[in-house]
Each structure stands twice: as C-alpha cells, then as structure tokens.
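Here is the structure we will look at.
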Amino acid sequence: MDQKHSAHTPSGPAPSAHGAMVHGGAAYVCPMHPEVRRDEPGRCPICGMALQLEGTQTPAAHGGHDHHAHGKHAPDPGVHAGHAASAAKPAAMDAPSGAAYVCPMHPEIRRDAPGHCPICGMALEPEMPTLGEGKDPELADFERRFWWTLPLTVVGVMLAMFGHSMELMDSRTQTWVELALGAPLVLWAGAPFFKRGWESVVNKSPNMWTLIALGTGAAFLYSVVATVAPGLFPETFVSMGRVAVYFEAASAIISLTLLGQVLELRARSGAGAAIRALLGLAPKTARRVEPDGSEADVPISHVHEGDLLRVRPGEKVPVDGSVVEGKSLVNESMVTGEPMPVSKGPGDKLIGATINTSGALTMRAEKVGSATVLSQIVQMVAQAQRSKAPMQRMADVVAGYFVVGVVIAALATFFAWGLWGPEPSWVYGLINAVAVLIIACPCALGLATPMSVMVATGEGAKRGVLFRDASAIENMRKVDVLIVDKTGTLTEGKPAFQKAVAAPGFTEDEVLRLAASLDQGSEHPLAHSIVEAAKAKGLALTKADSFDSSTGIGVTGTVEGKSLALGNSALMEKLGVDVAALSEPGRELRESGASVMHLAVDGRFAGLLAVADPVKATTAEAIARLRAQGVRLVMATGDGSATAKSVARTLGIDEVHGEVTPADKLELARKFKSQGLVVAMAGDGINDAPALAGADVGIAMGAGTDVAMESAQVTLVKGDLRGIADARDLSEASVRNMRQNLMFAFLYNALGIPLAAGVLYPWTGWLLSPMPAALAMSLSSVSVVGNALRLKRWRS
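Numbers in the numbering used here are just positions in the sequence shown, counted from 1, shifted up by 25.
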C-alpha cells in the first residue's frame, strides 16, 4: 500500500493542517472546511462554524470523506477504525451540532442553532442539507396547528355570520360560545406569531408579524372584555342585543396566516433538495484492488488517494482519477453536457459518479471526498443558493413603516378622544384606539400576494410551466439575459440518425442497411440510432458474424459474407481504406455538429453515416418570441465549440460559449449579474445545477435530471422553450395583479383607519362599531380574491 496510507505510531503528536499539534489523537475539524483543524474546540476562521471532533462531524461534501484526514495528516492508527465506524452509521436525522443556520431572506444572519431571524422573523434554515434530513420541524408544527384548529375557525365564522338569523341561542350565550371556540385557536395556534411579533418589537424591526400580532391580539382582547364586562361599553357599541365581538376575525386571520406559512415552508423546503439529490448521485461503495491482487467492496469513505479501483460495466466511477488498465466508453453527460459517451483508455481522466457503459476499467484514485468534481458542484450549488435570498414581497417592504403608522394612529386616537371627546371620553378613546388596531389587521394585505401567486401557479401549470415560489413569478418578467444549455435544452439531448452519403457503386439505403446489420451487436448509442433509422425505413437487417468492437475507433464483422468495418477515420487508416472520395461531404457534416462514421465493405470505401443531436422542433419559434420580448440569448455548453457554433448558426444565436465547465457556467451568470442584468439560466443536466441555482431565475427542462429541476425555480414540464416566453408574459400579468391587490388592501386601510379613529364623528356622529368593521374587512378580502381570479382569463 502507498506509504501515505500507513499508520502513524500513537506515541507522537501529528501536525494539523494549519500547524496545530494534535495530541492524544484528538482533532477538531470544521464540517464546511475540512482543511481547518485544531487540537481543541473553537470556531472556523473561514465560516465561523463550531469545530467538531474528527470522526463525529457530518461532512459538507458527498461520501463523508475528508481526504485531509488521511495520509500525511492522519493523527493516529485509530483514525481508520473511527472513520469506519462513522461511515457505518446512518446519516443523522437532525442537523449536527455546530452546523450553520441562515435566514433565507437575510443570508448575513447566521447562528449555530435553529431559531428565527431578528430582522424578518423567518425560521433559520441549515446552511448545508444532508441526505438524512427529515421533515422541517417548523412545517410539521404549523401543519399540526392549522389542521387541528381549522374546524374551530369554520364553526366560529359560520356562527358569527348566521347565528343570529338562525336563532340557535341567545346573544349572550353565543358570545361565550364564540370565546370558547376562539380562545384555543388564538392562544395556541397563533402563539408562534405573537412570539415573532414580540421579538420584532424587542429587536426594533417592525414587520408583518408585528402587525398580525397587534391586530389579532387587539381583536381578541377587546372581544374578551366585551364578553366578560359588556357594561363598560357605551350604548352605541351594542348591536343585536350584545356588544359585537371579533373572535371570528382573529380566528380567520390566524388560520389564513398559518395556511400561508405552510405553503411557504413547503416551497422553501425544496431549496435543499438539489443538494440532497447531488449527494445521492455518489456511489456508496467502491471495488478496491488490494496489493495482493484480491478485490473487495469498501465504503466510499474508505477510498484514499492512490488506491486502485475496479469499475465494471454499468457501474458508476467511484471517485476522480485516471485509467490504469482497460478500455471503455464512459457517459460523462452529467458533467460535460456531451451527449455521446467518451472513449477512455490508459492515462485518460475519469470523473466520479459518471457511468462506465461497456468495458471494465482499473483506475487509480486521485481526488476523493471534498476534492472531487461532484463535491465541487455540491459546494457551488450550496453557495449559489445562499447568495440568492428570495425576493421580498412588496407588502413586507412597507410593513415596517405601516406598523409604526398604525401604532401612532392608535395612540393619537386614544389621547384625542380622552382629552377632547364626550364622556366617558377615555373609554371612547380606548375602544376607538383598539378599533384602529383591529381594522389595520392585514387580512386583505395577507391575501394580496398569495392569491395572485396561487392563481398564476395554476395557470402556469396548465401550460406546462411549474413555478416553485413567488420570487420566480416576480422575477421572470425582469429577465434581461437568458443563458441556455445546448444538449437537452435547445436540442433533443440524444443522438439521432441524420443521413447516409454513398460512395460511387453504393446506394444510401444499402450503406444504411449494411451499417445497421453490423451495429445490431453494438451497445453504443450511435449504433442504436443507426439501427432504429434502418428499421424505421423498413430495411431488412441481417445478423452479423465475427463481430468485434475496438473501443474508441469502431466495429468490424461479417454480414452476408462481406467483411464490414464501421468507425472513425482512425479505423479506416488502420485498415488501409481510402476515404478521400467523400472528404468534402464529411467535412461539411462535421462542421454542422454531426458525428461521422465511415463504412468499408471488403476493404472498399462504401460511404458515410452521420448521427447528430437534432434541434427541437419548437426551439426556433421560442427564440423568436424571446427576442421579440427583448431577451438577450447566450448559449453555454460543455459540448465542443464547433458543434456549439453550428447549432448557434442554425438558430441565429450570436453569443456562444463552448467546452465550458459547470463552474464556467456559474461564473458566466455571475458576470452578467455584476453588470446589473437580471439573468435566467435554462438547462437540464447536473452540470447546469450550479448556474441554475446561481441565476436570478433557474429554468429546468421537465425531461432533465432531478438535480436540475431541484436547483431551478421554474420547470418546463414538456421541455419546450416556448414555455419561457409564456412564463414571462404570465409573470408580467401576475405582478400587475399583485400590485392591484396591494392597492385595494392599502386603500381599505387608508379609508378604514380614519373611520375607526372617529375622524368623521364631529360632523356625522359616525363611529365604526365592530359589525361594520367586520363587514368592511370581508369586502376588502373579497375584492382581493376576485381580482386575483381574473388571472384565470390570462392568455399569452
């Protein structure tokens, strides 16, 4: 075994990665930056996370393996045993102690433990999801509170609306029943909102939680006093034999807010799904070749740099490395975007988690743990998601000012009535001040954006466009630049037979029939497309004899007694076949982005066969519509530059970036964003995931990988780029609808608050008693809902 994997003696201290001496075999490591090692607990100087005892930390990268912990930095022989034990344990259901928690709205807020953001009150989320994460505890809590109390809300609202007309009980009894229904709902189901409202006051950061807590709290306390001591209220507040109460209004607002939180938390819980999907791509074991030549399957966390590994046909490459022995075709489309498998032989590089499609390979591990390409993609996706907070709703932007204004209005009402109002002046002042707080409760305001989002999401789904959250709907209309992947996005993403070109003495159908007959024994995707094309044309195929495959150059065999060879120019040169007769058509086909194969029959050149990844039939129309909307189009693909430029010329795309890596795509998105442009990224592969997460709007193809769809905010179910143009039109209509709803909601408050304060009393004698206030609140909500439903008539 390589010397760097030999055990250290336990008697001496081992140096840490940063020069600290680790005594007694104990080392403390940062779970996010495993190169940071200390001999005692503390915090990481890079990210501020608490260091954890080595062997107990939950790694940030796949495989659970920190390559720094082996080799020259291994502290003692116990490391391997401890590591094995750690690797054998299932992933923890809860986030590890010391993990960083961040606010999805304010990424600068970081904590070592779960909690709430002091600015907006939202629940902090784990910075790095893990494979073993369970359901969000806050989501589970809110769902429980919502479903347990929803029946109380329904009964309470129905009783308040129809109790008097149905004469089920006298007014006094009905008031006490409404209290019994409303108390558990407000005090238990609404407890998290009151807590956040109080924290907003303590942190001097008024927000929507402040307003909800003030409004529902004032409504509930007012109603309790009106129930217990109705004699304190003037006769003008008595209606239908009782002082009207607000229990049903407070209950409805709590239930609506809970529902909104459940929907929001469900959407946000998908943010870590992309990372979990990436972590799940890594193979769990590797087949290691021991020094004595024996082989054994070991956990991926036990693979070290320098180990020899066997990769059998159909298996995933376990880690990054290079081929030592064997030849095969490896599908690297997850990283490179290249739809064709790549030939691999001794000395060629391999990427972990790519798929070995044919021959067996022996490889040497060169990068493991957090150093692999897949782990780097995981890190890029995580960093991109953290750098992009969801768009703040318009209601939240003004909430701080609105809350302060409502409180000032309530205080002004109390003192104005107390000092200058009729007797009992201070009672009038208190009741009217409470009325101001009640009528300011954001029922319509809370519905304004969610209702538009709900309707827009449904209308988008009907057209094959799935929006993950409100920020995607809000941002789509602003997109200035659309970066598009080629393979699977602009094109079909799989090779298809394009054409056959016959040399003198042969026909095109004969060339296709002979090539397809020979290729029936091949597993290569190009061969499959040729066979399918021949069958589609009804050509009769013959079984090939003496079939032989030479990885990377082509196949040979005998068909109908004729010796056939099908492959690239290297195979023709090896067999001494002159292909000059069709050199010009071959060059043109290659420049168009096709893969060209040569067919030789009994040593004589018979013709060419071209296989290409065809452009989707709807792509040209989609690009024309997007250009008409003023969107700048940029192609970025891991495919070869010649192929990329050929597709770009066909579609009229001016800016092309070929042979780019996942990191290059992310950097391209960041470059445009740094210029003040709003960037969308459309792709379908794992290699697109970092850019999808890093763009302002990520757009995934429905037929693409799960990782791409989890990284994106918008999914095109049919993989049709025309859906992007539809999404932009729907975004424009939705945001316009949201603004109208917010205008209705604020207009209601602007008119209702002065009435509740009694501004018109000196001239009209009007005071806004509870019943008209409840009616006004209902009408404002109805106006918002009705306007949102107008989106159903939207047409692109």
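Yeah, the Cβ is synthetic: ideal placement off N, Cα and C, and Gly gets one too.
Identify, in the order they occur along the chain, each residue of the same chain with its Cβ nearer than 6 Å to the Cβ of Leu624, setting aside the five sequence neighbours on each side.
For Leu624, same chain residues with a beta-carbon under 6 Å away, outside a window of 5 residues either side, are Val536, Ala540, Leu591, Ala631, Gly632 in chain order.
Alpha carbon to alpha carbon, how far is Lys690 from Pro715? Give it in angstroms, no decimals.
Those two C-alpha atoms are separated by around 8 Å.
Alpha-carbon to alpha-carbon, Thr387 and Glu646:
Per the coordinates, the alpha-carbon of Glu646 lies some 47 Å from the alpha-carbon of Thr387.
Hey, Ala275 and Gly207: beta-carbon distance below 9 Å or not?
Taking 9 Å as the cut-off, the Cβ atoms of Ala275 and Gly207 count as close.
Please classify Arg313: does DSSP put it in a helix, a strand, or coil?
Three-state result, Arg313: strand.
Please report the straight-line C-alpha distance between Met479 and Gly723, rounded to a whole angstrom.
Met479 and Gly723: Cα-Cα distance of roughly 20 Å.
So for Asn712, helix, strand or coil by DSSP?
Correct three-state label for Asn712: helix.
Ile678 versus Lys670, Ala750, Thr200, residue with shortest Cα-Cα distance
It is Lys670.
Cutting at 8 Å between CB atoms, please list the residues of its own chain near Val287, excluding the five before and the five after it.
Non-local beta-carbon contacts of Val287 in its own chain, meaning distances under 8 Å to residues more than five positions away in sequence, involve Leu164, Phe167, Glu168, Phe171 in chain order.
Since Phe492 sits in a beta bridge, which residues does DSSP pair it with?
DSSP lists Val739 as partners of Phe492.
Beta-carbon proximity check, Phe258 vs Ile134, cutoff 9 Å
Phe258 places its beta carbon 9 Å or farther from that of Ile134.
By DSSP's criteria, Ser368 is part of a beta bridge. Which residues make up the other side?
For Ser368, DSSP records a beta bridge to Leu354.
Keeping to the same chain, check which residues put their C-beta closer than 8 Å to that of Lys309; ignore five residues upstream and five downstream.
For Lys309, the CB contacts under 8 Å within the same chain, skipping 5 residues up- and downstream, are Pro324, Ile325 in chain order.
Could you check which residue in Thr583, Ala138, Glu150 has the C-alpha nearest to that of Val127?
Of Thr583, Ala138, Glu150, the residue nearest in Cα terms is Glu150.
Beta strand (DSSP E) containing Asp570: first to last residue?
Asp570: member of the beta strand (DSSP E) spanning 570 to 575, first to last residue.
Using the three-state DSSP reduction, which class does Gly485 fall into: helix, strand or coil?
DSSP places Gly485 in helix when its eight states are reduced to three.
For Met761, count neighbouring Cβ atoms within 10 angstroms of its own Cβ and tell me buried if that reaches 16, exposed if not.
The residue you asked about is not Met; residue 761 is Arg in the sequence shown. Exposed.
Report the rounded CA-to-CA distance for His682 versus Phe697, giving the unit in angstroms.
Straight-line measurement puts the Cα of Phe697 at about 14 Å from the Cα of His682.
Are Ser496 and Leu816 close, meaning C-beta to C-beta below 9 Å?
Cβ atoms of Ser496 and Leu816: not closer than 9 Å.
So is Glu598 buried or exposed if we call it buried at 16+ other beta carbons inside 10 Å?
By the 10 Å Cβ count, Glu598 comes out exposed.
I'd like to check one pair, Gly582 with Leu596: are the Cβ atoms closer than 9 Å?
No. Outside cutoff.
Is the segment 773 to 780 close to the segment 517 to 530, with three or more CB pairs under 8 Å?
Short answer: they don't touch.
Count Cβ pairs between the segment 368 to 378 and the segment 346 to 356 that sit closer than 8 Å; are there 3 or more?
Yes, the segment 368 to 378 is in contact with the segment 346 to 356.
Can you give the Cα-Cα distance for Pro231 and Val429, rounded to whole angstroms?
Those two C-alpha atoms are separated by around 8 Å.
For His105 and Lys392, I'd like the C-alpha separation in whole angstroms.
With a pLDDT of 33 at His105, under the threshold of 50, the predicted position of this residue should be treated as unreliable, though the coordinate-derived value follows. Roughly 18 Å between the two C-alpha positions.
Pairing CB atoms from the segment 783 to 792 with CB atoms from the segment 739 to 755, are three or more of them under 8 Å?
The segment 783 to 792 vs the segment 739 to 755: no contact.
Helix, strand or coil, according to DSSP, for Asp638 in the structure here?
Coil at Asp638, not helix or strand.
Relative to the C-alpha of Glu517, which candidate in Ala277, Asn766, Asp709, Leu767 has its C-alpha closest?
Of the listed residues, the one whose Cα sits closest to Glu517 is Asp709.
Inter-residue CB distance, Ala385 and Leu334 (contact presumed, cutoff 8 Å)
No, Ala385 and Leu334 are not in contact; Cβ-Cβ is about 11 Å, not under 8 Å.
Indicate whether Leu210 and Ile279 have their beta-carbon atoms separated by less than 9 Å.
Yes, they are a contact pair.
Same chain only: Cβ atoms within 6 Å of Ser383, ignoring 5 sequence neighbours per side:
Pro338, Ser353, Leu354, Glu548.
Considering just the uninterrupted stretch of the alpha helix (DSSP H) at Glu192, what are its terminal residues?
Following the DSSP letters along the chain, one finds Glu192 in no alpha helix (DSSP H), marked with neither H nor E.
Please confirm whether Phe492 and Val626 have their CB atoms less than 9 Å apart.
Against a cut-off of 9 Å, the Cβ pair of Val626 and Phe492 comes out as no contact.
Report back the beta-carbon spacing between Met706 and Gly513 to the nearest angstrom; my notes put them in contact at under 8 Å.
Contact flag wrong, Cβ pair sits at about 14 Å.
Tell me whether Val509 is buried or exposed, calling it buried when 16 or more other Cβ atoms sit within 10 Å of its Cβ.
If you draw a 10 Å sphere on the C-beta of Val509, you find 16 or more other C-beta atoms in it, and that means buried.
Let's test the definition: count the other Cβ atoms within 10 Å of the Cβ of Val807 and tell me whether it reaches 16, buried, or not, exposed.
So Val807 counts as exposed.
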